[in-house]
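J.:
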Amino acid sequence: MGKNVVVIGIQWGDEGKGKIVDILSEHADIVVRFQGGNNAGHTVVVGTEKFILHLIPSGILHPGKTCIIGNGVVIDPEVLLDEIGTLASRGHFRAEDLVISKDAHLIMPYHKRIDIGRERLRGGRKLGTTGRGIGPAYEDKVARCGIRCGDLLSEEDFRLKLRLNLHEKNHYLRTILHEEGFEIHEIYHKYMAYAEKIGRYIKDTSILLNEAIEHNRSILFEGAQGTLLDIDHGTYPYVTSSNTVAGEAAIGSGIGPTRIDTVIGISKAYTTRVGEGPFPTELKGEEAERMREHGGEYGATTGRPRRCGWFDAVAARYSVRINGLQGLVLTKLDVLDDLDEIKICTAYRYKGEIIRDFPTETTVLSSCEPVYETMEGWKEKTSEIKSLDGLPKNARAYIKRLEELLGVEIIIISVGAKRKEAIILKNPFDL
Ligand code: GDP
Ligand code: IMO
Ligand code: MG
Numbered sequence: 002m003g004k005n006v007v008v009i010g011i012q013w014g015d016e017g018k019g020k021i022v023d024i025l026s027e028h029a030d031i032v033v034r035f036q037g038g039n040n041a042g043h044t045v046v047v048g049t050e051k052f053i054l055h056l057i058p059s060g061i062l063h064p065g066k067t068c069i070i071g072n073g074v075v076i077d078p079e080v081l082l083d084e085i086g087t088l089a090s091r092g093h094f095r096a097e098d099l100v101i102s103k104d105a106h107l108i109m110p111y112h113k114r115i116d117i118g119r120e121r122l123r124g125g126r127k128l129g130t131t132g133r134g135i136g137p138a139y140e141d142k143v144a145r146c147g148i149r150c151g152d153l154l155s156e157e158d159f160r161l162k163l164r165l166n167l168h169e170k171n172h173y174l175r176t177i178l179h180e181e182g183f184e185i186h187e188i189y190h191k192y193m194a195y196a197e198k199i200g201r202y203i204k205d206t207s208i209l210l211n212e213a214i215e216h217n218r219s220i221l222f223e224g225a226q227g228t229l230l231d232i233d234h235g236t237y238p239y240v241t242s243s244n245t246v247a248g249e250a251a252i253g254s255g256i257g258p259t260r261i262d263t264v265i266g267i268s269k270a271y272t273t274r275v276g277e278g279p280f281p282t283e284l285k286g287e288e289a290e291r292m293r294e295h296g297g298e299y300g301a302t303t304g305r306p307r308r309c310g311w312f313d314a315v316a317a318r319y320s321v322r323i324n325g326l327q328g329l330v331l332t333k334l335d336v337l338d339d340l341d342e343i344k345i346c347t348a349y350r351y352k353g354e355i356i357r358d359f360p361t362e363t364t365v366l367s368s369c370e371p372v373y374e375t376m377e378g379w380k381e382k383t384s385e386i387k388s389l390d391g392l393p394k395n396a397r398a399y400i401k402r403l404e405e406l407l408g409v410e411i412i413i414i415s416v417g418a419k420r421k422e423a424i425i426l427k428n429p430f431d432l
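All letters in the sequence shown, in the order written, are residues 2 to 432 by the working numbering.
#1: Looking at Gly136: is its Cβ nearer than 7 Å to the Cβ of Ser242?
#2: Report the residue from Ser368, Thr347, Leu340 and Lys344 whose alpha carbon sits nearest the alpha carbon of Gly353.
#3: Only counting the same chain, and skipping five residues up and downstream in sequence, which positions put a Cβ closer than 6 Å to that of Glu422?
#4: So what does DSSP say about Ala247, is it helix, strand or coil?
#5: Looking at the unbroken beta strand (DSSP E) that takes in Glu342, where does it start and where does it end?
#6: Which residue spans inside the stretch 33–96 form an unbroken alpha helix (DSSP H) run of at least 4?
#7: Measure the beta-carbon distance from Ala105 to Cys150 and round it to whole angstroms, keeping in mind my assumption that it falls under 8 Å.
#8: Looking at Glu288 and Arg308, is the spacing between their C-beta atoms short of 7 Å?
#9: Since Lys394 is in the alpha helix (DSSP H), which residue starts that stretch and which ends it?
#10: By Cβ distance, which residues of its chain are closer than 6 Å to Arg175, with the 5 residues on each side in sequence left out?
#11: Quick check on Cys309: does DSSP put it in helix, strand or coil?
#12: Pick out whichever of Gly19, Met2 and Gly3 has its Cα sitting closest to the Cα of Ile9.
#13: I need the boundaries of the alpha helix (DSSP H) containing Arg145, first residue and last residue.
#14: Assuming Leu165 contacts Cys146 under a Cβ cut-off of 8 Å, what Cβ separation, rounded to an integer in Å, is found between them?
#15: Cβ-heavy atom distance between Thr364 and the ligand GDP below 6 Å?
#16: Could you give the residue range of the alpha helix (DSSP H) that holds Thr364?
#17: Do we get a CB-CB distance below 7 Å when we pair His168 with the residues of chain B?
#18: Can you pull the DSSP bridge partners for Lys18?
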């Protein structure tokens with residue numbers, strides 16, 4: 002029997018989804034991205050080679066696995082072609098393995114300019130977006146004026162939709178954002194050239210996925226961003242513009258929710274956030290610096306230093322609930338290897354009261370003070386350890402405590418960036 006497994010981040014992104022999807026791809030026939038766009042940066046390290054994937058599913062490094070970019074994704078064709086080119090030059094791209102949904106929306110040049118211009122206009126209240134045009138592209142989708150991959154296949158439709166959009170966008174860019182507008186012919190010719198190159202990949206991916214399910218194939222759904230960046234359930238407005246939670250796997254790929262067998266979450270053994278917004282367990286100064294350097298915490302997409310802090314069990318428990326998690330993958334345990342003490346936030350103090358449910362309101366969350374429990378460190382290198390029993394006693398105690406606090410089983414422990422540096426206790430395809 003085929004199994005369908007959804008993998009999502011449970012924090013503010015960068016939990017190590019790329020690495021885990023790469024490992025799990027071995028058990029899947031198809032790997033699907035179902036939301037987000039090239040705001041994502043998923044790192045996979047194989048041997049001495051490092052790959053950063055922004056749009057193509059992390060399964061691409063396994064020959065013969067079909068990689069689908071679903072309808073819920075927003076696609077910048079320039080970035081996609083770049084990614085295809087880079088993978089091809091490194092011997093990791095096979096055209097027959099990539100399929101793109103005809104219904105996925107396109108990121109257009111004006112989306113990027115609006116994203117950047119609007120952030121500038123917001124000044125001190127900026128969101129810290131990746132500047133890739135993600136928000137404005139999703140806005141157009143919801144406003145019902147977006148242009149989709151399928152439109153690239155009809156020159157006439159594409160030109161008409163582009164003209165209608167530019168009419169509004171140029172006005173907005175020039176008068177509100179004080180940016181330059183666009184000429185229709187420059188975008189038109191550029192996108193028609195993209196169409197020639199990517200047209201062959203554009204298909205009805207919902208049909209393909211549902212047929213695969215009928216034929217007992219296994220599908221791995223690769224989330225991007227993290228639960229706390231979800232447009233509905235995250236720390237609004239400091240979120241991304243898509244639903245990043247497990248439920249989106251069905252919507253963003255065109256399968257029914259009843260087809261999903263298992264949902265697993267990925268979390269770092271501590272917390273990071275890139276961009277603006279509240280972060281109760283954030284560390285400052287030397288402690289943060291140390292975590293950032295040991296964890297290599299610099300954005301895979303923008304190179305920005307990531308904000309770092311302790312594990313937040315209040316936020317993680319919330320993500321367990323919102324996603325209905327059946328298992329958890331804990332990554333980057335090795336980053337904590339040389340600490341004397343490790344803290345876990347078990348509750349918040351808000352206006353003198355103890356609260357245990359994660360508040361998503363920015364005003365409340367930014368006034369919450371973490372209540373910590375302190376555990377002893379293990380002061381031992383973990384990256385070469387291959388079994389749970391082989392881990393230092395204090396590391397096992399830390400893992401056990403997290404399981405207790407979150408009410409979910411930890412099924413994989415990642416102890417290094419490389420493919421082999423993982424302790425697999427349970428295979429999510431067998432859960
Ligand atoms: P993603 O967006 O969730 O795929 O995560 P990113 O790739 O943006 O960031 C995770 C970073 O941590 C990458 O540089 C990975 O190579 C690295 N990484 C993943 N798992 C581990 C781990 O267990 N230990 C260490 N030290 N690094 C890891
Ligand atoms: P992966 O898939 C971490 C953050 C941005 C910003 C906010 C909105 O690699 O985990 P956007 O450009 O999406 O409008 O920016 O969301 N953000 C991410 N942070 N990892 C990501 O992806 C992110 N994608 C977006 O930094 O705070
Ligand atoms: Mg990332």
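Glycine residues also receive a C-beta, built at the ideal position from the N, C-alpha and C atoms. Note that the structure is predicted; figures quoted are calculated from it, not measured.
T.: According to the data block:
#1: Numbered from 1 along the sequence shown, position 135 holds the residue referred to as residue 136. Numbered from 1 along the sequence shown, position 241 holds the residue referred to as residue 242. Contact: yes.
#2: Looking up residue 353 in the sequence shown gives position 352. Minimum Cα distance to Gly353 is reached at Ser368.
#3: As a first step, residue 422 must be located in the sequence shown, where it is residue number 421. Ser384 and Val416.
#4: In the sequence shown, residue 247 corresponds to position 246, counting from 1. Note: Ala247 maps to coil in three-state DSSP.
#5: Counting from one through the sequence shown, the residue named residue 342 turns up at place 341. That run of the beta strand (DSSP E) goes Glu342 to Tyr351.
#6: 78–90
#7: To locate residue 105, count along the sequence shown from 1; it is residue 104. To locate residue 150, count along the sequence shown from 1; it is residue 149. Rounded, the Cβ-Cβ distance is 5 Å, consistent with contact.
#8: Stepping through the sequence shown from its first residue, residue 308 is reached at position 307. Stepping through the sequence shown from its first residue, residue 288 is reached at position 287. No, the Cβ-Cβ distance between Arg308 and Glu288 is not below 7 Å.
#9: The residue you call residue 394 lines up with position 393 of the sequence shown. From DSSP, the alpha helix (DSSP H) with Lys394 extends over Lys394 to Leu407.
#10: Position 174 of the sequence shown, counted from the start, is the residue given in the question as residue 175. Answer for Arg175: Gly182, listed in chain order.
#11: The residue you call residue 309 lines up with position 308 of the sequence shown. Three-state result, Cys309: strand.
#12: Mapped onto the sequence shown, residue 9 falls at position 8. Nearest C-alpha to Ile9: Gly19.
#13: Position 144 of the sequence shown, counting from 1, holds the residue named residue 145. First-last for Arg145: undefined, no H or E at that position.
#14: Translated into positions along the sequence shown, residue 165 becomes position 164. Translated into positions along the sequence shown, residue 146 becomes position 145. So it is a contact: roughly 7 Å between Cβ atoms.
#15: For the purposes of this step, residue 364 is taken as residue 363 along the sequence shown, with counting starting at 1. No, the Cβ of Thr364 stays beyond 6 Å of every heavy atom of the ligand GDP.
#16: Taking the first residue of the sequence shown as 1, we reach residue 364 at position 363. Run containing Thr364: Thr363 to Leu366, per the alpha helix (DSSP H) assignment.
#17: Absent here is chain B; the protein component of the structure consists of one chain.
#18: On the sequence shown, position 17 is the one that residue 18 refers to. Note: Lys18 sits in no beta bridge, so no partner.
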